[in-house]
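A short worksheet on the structure shown next.
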Amino acid sequence: MQNAIKKYLLEPLLPRIGTAVAGPMIAYGLNADLSHATGAFVIAGVGLAYDWVAHFVTLRMAKDKAVTNFVNRNAL
């Protein structure tokens, strides 16, 4: 069950959570006063940075898994 949750929920959604946060924060920041807009844009930037890092982490996990599967198939 935990593997299914990880495979079908967490891995596909991890690189997209930051974008889901950044969109409303940018929209709010455009309509807010300067202090609130600054905070909203900082939160949006952190969300997009999280997406960038999560994207490369999930790519690395997929690459490691593909290499492991290739080695295991060819070891026999």
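By the UniProt record's numbering, the letter at position 57 of the sequence shown is numbered 57, and the numbering carries on one by one without gaps.
All C-beta atoms, glycine included, are put in the ideal place defined by N, C-alpha and C.
Check, Outcome
"Segment contact, 8 Å Cβ cut-off, at least three pairs: the stretch 21-30 with the stretch 53-65", "no"
"Simplified DSSP state of ASP33, which is helix, strand or coil", "coil"
"Same chain only: Cβ atoms within 6 Å of ALA44, ignoring 5 sequence neighbours per side", "ALA22, MET25, ILE26"
"Environment of LEU49 [buried if 16+ CB atoms lie within 10 Å]", "The amino acid at residue 49 is misidentified as Leu; the sequence shows Ala. It is exposed - the Cβ of ALA49 has fewer than 16 other Cβ atoms within 10 Å."
"Own chain, CB closer than 7 Å to LEU13, minus 5 neighbours either side, in chain order", "none"
"Backbone CA spacing between LEU34 and VAL46 [nearest angstrom]", "18 Å"
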